[in-house]
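Engineer:
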Amino acid sequence: MSKKVRVRFAPSPTGGLHLGGVRTVLYNYLFAQKYGGDFIVRIEDTDQSRYVAGAEEYIFDTLKWCGLEPDESVQHGGDFGPYRQSERKDSYRQYAEQLVKEGNAYYAFDTSEELEKMRAEYKSEQNPSPQYDQTLRMKMKNSLTISAEETKKLLEANAEHVIRIKVPENETVAFTDMIRGEVHFDSSLLDDKVLLKADGMPTYHLAVVVDDCLMQITHAFRGEEWLPSAPVHILLWKYLFGIENMPQWAHFPLILGPNGKLSKRDGSKYGFPVFSMNWMDPKTNELTEGFKEKGFIPEGFINLLALLGWNDGTEKEIFSLEELIEAFSMERVHSAGAKFDYEKAKWFNHEWIKKSGVGSLKSGVKKLLEQSGVTVADEALLDKVIELVKDRCTLLPDFVQQSSFFFKAPETLDTDSVKPKWNDAKQLFFVELIRNYELTQQWNTATLESNFKEIASVNSLKPGELMLPFRIMLVGGKFGPGVFDIANVLGKGETINRIKTALDIFSTH
RNA sequence: GGCCCGUUCGUCUAAGGGUUAGGACACCACCCUUUCACGGUGGUGAUACGAGUUCGAAUCUCGUACGGGCUACCA
5 MSKKVRVRFA
15 PSPTGGLHLG
25 GVRTVLYNYL
35 FAQKYGGDFI
45 VRIEDTDQSR
55 YVAGAEEYIF
65 DTLKWCGLEP
75 DESVQHGGDF
85 GPYRQSERKD
95 SYRQYAEQLV
105 KEGNAYYAFD
115 TSEELEKMRA
125 EYKSEQNPSP
135 QYDQTLRMKM
145 KNSLTISAEE
155 TKKLLEANAE
165 HVIRIKVPEN
175 ETVAFTDMIR
185 GEVHFDSSLL
195 DDKVLLKADG
205 MPTYHLAVVV
215 DDCLMQITHA
225 FRGEEWLPSA
235 PVHILLWKYL
245 FGIENMPQWA
255 HFPLILGPNG
265 KLSKRDGSKY
275 GFPVFSMNWM
285 DPKTNELTEG
295 FKEKGFIPEG
305 FINLLALLGW
315 NDGTEKEIFS
325 LEELIEAFSM
335 ERVHSAGAKF
345 DYEKAKWFNH
355 EWIKKSGVGS
365 LKSGVKKLLE
375 QSGVTVADEA
385 LLDKVIELVK
395 DRCTLLPDFV
405 QQSSFFFKAP
415 ETLDTDSVKP
425 KWNDAKQLFF
435 VELIRNYELT
445 QQWNTATLES
455 NFKEIASVNS
465 LKPGELMLPF
475 RIMLVGGKFG
485 PGVFDIANVL
495 GKGETINRIK
505 TALDIFSTH
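In my numbering, the protein residues as written are 5 to 513.
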């Protein structure tokens, strides 16, 4: 019998969550859902110096907005807590000590100045970044180079120290990545990574292994930037818990910006969002725009993320979350990095806005409308309007332009598009149109249109030359859905009012 | 520099030895619509290079080039 699938997303709360992070969440979530497993969110806050207020909250807000709720987390509870590594601090030291005892790690007493000195000393063109590794560790101050008594004395005197892994020589460290297949490393080239820091906190390397074990994680997914440190984690698994208990790894391809790994800088530079939601850096007060505020709906955001590095092998591109769960497989995740294409991202959102029902769009649209100063008193009208204009909205804010005039008569008219060609015949036409519309019993799009065209033809006018003025009268500018649809939704009184108002403006000056 | 990962239209990708190398976004043209979209039809456009294996290679192997990542008491 195989173990229950348990996966985790392990973010460091240092700022906004960007595209790649959310995609990692998504793939974790899809995998867990697909196999009836648990999805855990564990906060990796072992670096106090990088603590950023609000970042943790932000992560959970994003998950909520996306509809990717964890089964276990700081906020959701669970039997494997605490889910914040800073609160698990005490549990790590014993594992580090165990490694030392068994000869797989050692105490190192080097100060940061000494480390700097070492790097400066051994730095060369051939070796621009010297590592604390098997070639150098015997030249440093650690429990390998000083006597046991001296080590003991230093420890008892509470001398500042770290614990480093003692990477073996000439060993091939290999594992099978679910996406990339066999990957191997020569241990001689690895450095002796710090496992336990001077402040007693573990580094990522120790914490990820210990917590994945304690939380019974069966599959560990993360970005490709972690691949180079995977051998350290493999070694730790081997020493601590047994390689046979290690989760299966998958390293996701990176999401690239125009110049390599996507960064929030790319966003402001190229005009597209990078973070899931707006993020205000509490230190600098710098605001980074998010997909949510830009006008993406969760369905669109999830969909575009899912297809960035994965596809189901068919030509299907539009997937709901449920469909993704059904279709997802780790084997079909690409191994190559994917450059983010904002145009395509918008296309996904557009498809989802078109596909969405009025119900799911309504509250967002209403909020946007009201933010722009439009009061929405009539909910039924809003429903009708959304249905009418959603096909031409790519981003949520597009609804403002496309539908404000339904709720509020235009304040200014684009007279430039009308006046040069305005004449008495047109003036008369609209006077007659008002009369006709006043009398009509059939207030619907088809009747409005046929009456309009009939009057035009009786007066030997081309309907085409009259429709643009009509649009400007109702809308104020050259946009919006079909003009007779607009008149229909606006209703008799309002339509006639707007024609009258505009006629005054067009005929004077 | 070293190590690791990668390489099919501009972008996301399909094709797991035999296809006119398929689709989507973007772009262009036409149709629809005399607002703009939506929609429809068509078009431009790719297997990085060199060897090898094979009757046959985008697909397997090797090399080269290029791209990316990592190289902290950060994750």
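Just so it is clear, CB atoms sit at the ideal spot from N, CA and C, and this is done for glycine as well.
Bridge partners of GLY294, per DSSP?
Structural biologist: Position 290 of the first sequence, counted from the first residue, corresponds to residue 294. GLY294 is bridged to PHE279.
Engineer: Taking the alpha helix (DSSP H) that THR155 falls in, what are its first and last residues?
Structural biologist: Locating residue 155 in the first sequence gives position 151, counting from the first residue. Looking at the DSSP string, the run of the alpha helix (DSSP H) that includes THR155 is 152-160.
Engineer: Measuring CB atoms only, is the stretch 404-416 touching the stretch 478-491, in the sense that at least three cross pairs come out at less than 8 Å?
Structural biologist: yes
Engineer: From what residue to what residue does the beta strand (DSSP E) around GLU186 run?
Structural biologist: Along the first sequence, one-based indexing puts residue 186 at 182. Its beta strand (DSSP E) spans residues 185-190.
Engineer: Per DSSP, what kind of secondary structure is PHE13 in: helix, strand or coil?
Structural biologist: Locating residue 13 in the first sequence gives position 9, where the first residue counts as 1. If DSSP states are grouped into helix, strand and coil, PHE13 belongs with the strands.
Engineer: DSSP has HIS22 in a bridge; who is on the other side?
Structural biologist: Working through the first sequence from its first residue, we reach residue 22 at position 18. DSSP output for HIS22 lists PHE279 as bridge partner(s).
Engineer: Can you give the Cα-Cα distance for ARG184 and ASP418, rounded to whole angstroms?
Structural biologist: As a position in the first sequence, residue 184 is number 180, starting the count at 1. As a position in the first sequence, residue 418 is number 414, starting the count at 1. Those two C-alpha atoms are separated by around 59 Å.
Engineer: Roughly how many whole angstroms lie between the Cα atoms of GLY107 and GLU125?
Structural biologist: Counting from 1 along the first sequence, the entry for residue 107 is found at position 103. Counting from 1 along the first sequence, the entry for residue 125 is found at position 121. For GLY107 and GLU125, the distance between alpha carbons rounds to 28 Å.
Engineer: Taking the alpha-carbon of LYS320 as reference, which of LEU291, GLY294, PHE352 has the nearest alpha-carbon?
Structural biologist: Counting from 1 along the first sequence, the entry for residue 320 is found at position 316. The residue with the shortest Cα to Cα distance from LYS320 is PHE352.
Engineer: Assign HIS165 to buried or exposed, taking buried as 16 or more other Cβ atoms, counted over all protein chains shown, within 10 Å of its Cβ.
Structural biologist: Stepping through the first sequence from its first residue, residue 165 is reached at position 161. Counting of Cβ neighbours within 10 angstroms places HIS165 among the buried residues, the total reaching 16 or more.
Engineer: In whole angstroms, what separates the C-alpha of TYR96 from that of ALA342?
Structural biologist: The residue you call residue 96 lines up with position 92 of the first sequence. The residue you call residue 342 lines up with position 338 of the first sequence. Their backbone Cα atoms lie some 36 Å apart in a straight line.
Engineer: Thinking C-alpha only, which one of GLY304, ALA224, TYR346 is nearest GLY275?
Structural biologist: Against the first sequence, residue 275 aligns to sequence position 271. Checked all of GLY304, ALA224, TYR346; the closest Cα to GLY275 is TYR346.
Engineer: Looking at ILE306 and LEU30, is the spacing between their C-beta atoms short of 8 Å?
Structural biologist: Locating residue 30 in the first sequence gives position 26, counting from the first residue. Locating residue 306 in the first sequence gives position 302, counting from the first residue. Result yes, Cβ atoms of LEU30 and ILE306 sit closer than 8 Å.
Engineer: How would you label TYR208, buried or exposed, when you count the other beta carbons within 10 angstroms and need 16 or more for buried?
Structural biologist: If you number the first sequence from 1, residue 208 lands on position 204. Buried, because 16 or more other Cβ atoms sit within 10 Å of the Cβ of TYR208.
Engineer: Using the DSSP secondary-structure output, state which residues sit across from TYR110 in a beta bridge.
Structural biologist: The residue given as residue 110 occupies position 106 in the first sequence. Paired residue(s): ARG168.
Engineer: Is it buried or exposed, HIS338, if we count other Cβ atoms within 10 angstroms and call 16 or more buried?
Structural biologist: Position 334 of the first sequence holds residue 338. HIS338 should be labelled exposed.
Engineer: How many whole angstroms separate the CB atoms of LEU258 and GLY227, which I take to be in contact at a CB cut-off of 8 Å?
Structural biologist: Walking along the first sequence from the start, residue 258 turns up at place 254. Walking along the first sequence from the start, residue 227 turns up at place 223. So it is a contact: roughly 6 Å between Cβ atoms.
Engineer: Excluding five sequence neighbours on each side, which residues of the same chain lie with their C-beta closer than 8 Å to the C-beta of MET5?
Structural biologist: Position 1 of the first sequence, counted from the start, is the residue given in the question as residue 5. For MET5, the pLDDT reaches just 46, beneath the cut-off of 50, and the residue's location in the model is therefore unreliable, leaving the point undetermined.
Engineer: Quick check: the Cα distance between ASP88 and PHE13, rounded to an integer number of angstroms?
Structural biologist: On the first sequence, position 84 is the one that residue 88 refers to. On the first sequence, position 9 is the one that residue 13 refers to. It should be noted that the sequence gives Arg, not Asp, for residue 88. For ARG88 and PHE13, the distance between alpha carbons rounds to 12 Å.
Engineer: In this structure, does DSSP put GLY368 in helix, strand or coil?
Structural biologist: For the purposes of this step, residue 368 is taken as the residue at position 364 of the first sequence. Here GLY368 sits in helix by DSSP.
Engineer: Count the other CB atoms, across all protein chains shown, that sit within 10 Å of the CB of GLY24; report buried if there are 16 or more and exposed otherwise.
Structural biologist: Working through the first sequence from its first residue, we reach residue 24 at position 20. GLY24 sits buried, since 16 or more C-beta atoms from the chains shown fall within 10 Å of its C-beta.
Engineer: Under 8 Å by Cβ, that's how I've got ARG27 and LEU312 pegged, so tell me the actual separation to the nearest angstrom.
Structural biologist: As a working mapping, residue 27 is identified with position 23 in the first sequence. As a working mapping, residue 312 is identified with position 308 in the first sequence. Right, their Cβ atoms sit about 6 Å apart.
Engineer: To the nearest angstrom, how far is the alpha carbon of MET440 from that of LEU452?
Structural biologist: Mapped onto the first sequence, residue 440 falls at position 436. Mapped onto the first sequence, residue 452 falls at position 448. It should be pointed out that residue 440 corresponds to Asn in this sequence rather than to Met. When rounded, the separation of the alpha-carbon atoms in ASN440 and LEU452 is 9 Å.
Engineer: Work out the CA separation of PHE433 and ILE503 for me, nearest whole Å.
Structural biologist: To locate residue 503, count along the first sequence from 1; it is residue 499. To locate residue 433, count along the first sequence from 1; it is residue 429. Taking the straight line from one Cα to the other gives about 11 Å.
Engineer: Would you report the Cα separation of LEU465 and VAL422, rounded to the nearest angstrom?
Structural biologist: Residue 465 sits at position 461 when you count from the first residue of the first sequence. Residue 422 sits at position 418 when you count from the first residue of the first sequence. When rounded, the distance between both Cα atoms is 15 Å.
Engineer: What does the alpha-carbon distance come out to for the pair LYS394 and ALA450?
Structural biologist: Here the question's residue 394 lines up with position 390 in the first sequence. Here the question's residue 450 lines up with position 446 in the first sequence. Going by the C-alpha atoms only, they are around 21 Å apart.
Engineer: Suppose you measure from the CA of SER192 to the CA of GLN138; what does that come to, to the nearest Å?
Structural biologist: Taking the first sequence and counting its residues from 1, one reaches residue 192 at position 188. Taking the first sequence and counting its residues from 1, one reaches residue 138 at position 134. Computed Cα separation, rounded: 7 Å.
Engineer: Who are the Cβ neighbours of LYS197 in its own chain at under 6 Å, not counting the five residues just before and after it?
Structural biologist: Along the first sequence, read from residue 1 onward, the residue named residue 197 stands at position 193. Here the set comprises ILE169, HIS209, VAL236.
Engineer: Classify PHE4 as helix, strand or coil using the three-state DSSP reduction.
Structural biologist: Past the boundaries of the shown model lies residue 4; the chain is included only from 5 to 513, so the question cannot be answered.
Engineer: Applying the 10 Å Cβ sphere with the 16-neighbour rule, what's the burial state of ALA161?
Structural biologist: Residue numbering aside, residue 161 sits at position 157 when the first sequence is read from its first letter. Exposed: under 16 other Cβ atoms inside 10 Å.
Engineer: If we call anything under 8 Å between Cβ atoms a contact, is GLY19 one with VAL56?
Structural biologist: Mapped onto the first sequence, residue 19 falls at position 15. Mapped onto the first sequence, residue 56 falls at position 52. Yes, these two residues count as a Cβ contact at 8 Å.
Engineer: How many Å lie between ILE500 and GLY468 at the Cα?
Structural biologist: Within the first sequence, numbered from 1, the residue matching residue 500 stands at position 496. Within the first sequence, numbered from 1, the residue matching residue 468 stands at position 464. Roughly 20 Å between the two C-alpha positions.
Engineer: Work out the CA separation of LEU199 and ASP568 for me, nearest whole Å.
Structural biologist: Residue numbering for the chain in the displayed model covers 5 to 513; residue 568 lies beyond these limits and cannot be assessed.
Engineer: When you compare each of GLN37, PHE35, SER90, LEU34 to SER16 by their alpha carbons, which one comes out closest?
Structural biologist: Working through the first sequence from its first residue, we reach residue 16 at position 12. SER16 has its Cα closest to that of SER90, out of GLN37, PHE35, SER90, LEU34.
Engineer: For VAL198, which of helix, strand or coil comes out of DSSP?
Structural biologist: Against the first sequence, residue 198 aligns to sequence position 194. In the structure shown, VAL198 adopts extended strand secondary structure according to DSSP, grouped into three states.
Engineer: Quick one: Cα of ALA109 to Cα of LEU148, how far?
Structural biologist: Position 105 of the first sequence, counting from 1, holds the residue named residue 109. Position 144 of the first sequence, counting from 1, holds the residue named residue 148. Going from the Cα of ALA109 to the Cα of LEU148 covers about 10 Å.
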